[in-house]
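One line per chain: the protein sequences are A and U, in this order. Just so we're aligned, residue 1 is where the first sequence starts under this note's numbering, counting upward by one. Just so we're aligned, residue 114 is where the second sequence starts under this note's numbering, counting upward by one. A virtual CB, placed ideally from N, CA and C, is assigned to each residue, including glycine.
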Amino acid sequence: KAGVTQTPRYLIKTRGQQVTLSCSPISGHRSVSWYQQTPGQGLQFLFEYFSETQRNKGNFPGRFSGRQFSNSRSEMNVSTLELGDSALYLCASSQTGQADGYTFGSGTRLTVV
Amino acid sequence: QKEVEQDPGPLSVPEGAIVSLNCTYSNSAFQYFMWYRQYSRKGPELLMYTYSSGNKEDGRFTAQVDKSSKYISLFIRDSQPSDSATYLCAMTGNAGKSTFGDGTTLTVKP
């Protein structure tokens, strides 16, 4: 079966711009989580959506937002980009959001210049 | 202080060696304990998860959890060059939100 698909794979943006990243979960998976991965901070939880509702949120500023559609596809948006937002953004999907079922995508590499 | 501390590495071992990867944690609310493997330019891949204290074995991999000491380990037996990757421990007490260690990079030399 198809895995978790993230688009685009690579992105270069200018400071101050905004960006939208997309995640298509495995068919049937209703939970989608987003993480930011950087060399200095490791993997940091951004938020989790389950059946179109945000169920958990990490400690990121309001510039980071997300949403989930009725088909479980999810998007995350970062507004007013800063240089420090350069990172690998990963999404993971699961049927229920339990620890045993998460599958990660390959991520979107965002570079802010 | 971070909620999850992982032995930093990097680790370099000869093929066939037994590898031990370790994490400690401070949050007693953590209920599920996972190990992920991440290859370069890829997302993390779930290797094992455990719920209770004790050992769980899957092929060459054994996950060990000691809740009383807040300590988890992953052992890899008969390590192979294909095991070369970054290993991440992760924990969750709340469905959908996992806290990750910083990762240990392992190199297995032929």
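Amino acids of chain U, ordered along the chain, whose beta-carbon sits closer than 7 angstroms to that of residue i
| i | result |
| --- | --- |
| Y102/A | L159 |
| G105/A | G156 |
Residue j beta carbon less than 8 angstroms from that of residue i
| i | j | result |
| --- | --- | --- |
| F213/U | L110/A | no |
Coarse secondary structure for residue i, derived from DSSP in three states
| i | result |
| --- | --- |
| P127/U | strand |
| D196/U | helix |
| D120/U | coil |
| L81/A | coil |
| I26/A | coil |
| D171/U | strand |
| T14/A | coil |
Proximity to residue i [Cα-Cα], best of the options
| i | options | result |
| --- | --- | --- |
| L134/U | T217/U, N168/U, E128/U | T217/U |
| A142/U | G206/U, P223/U, K222/U, K210/U | G206/U |
| V113/A | S72/A, Q18/A, A92/A, T7/A | Q18/A |
| Q114/U | Y184/U, P157/U, N140/U, Q144/U | N140/U |
| E158/U | T220/U, A198/U, K222/U, E116/U | A198/U |
Chain A contact residues for residue i, given Cβ-Cβ distances below 7 angstroms
| i | result |
| --- | --- |
| G216/U | G42 |
| F213/U | G42, L43 |
Residues that residue i contacts on chain A, provided the C-beta gap is smaller than 9 angstroms
| i | result |
| --- | --- |
| L201/U | G42, L43 |
With 16 other Cβ atoms within 10 Å as the buried cut-off, status of residue i
| i | result |
| --- | --- |
| I12/A | exposed |
| F50/A | buried |
| F69/A | exposed |
Check: residue i C-beta below 7 angstroms from any heavy atom of the ligand GDP
| i | result |
| --- | --- |
| V19/A | The ligand GDP is not among the ligands present in this structure, which contains no ligands whatsoever. |
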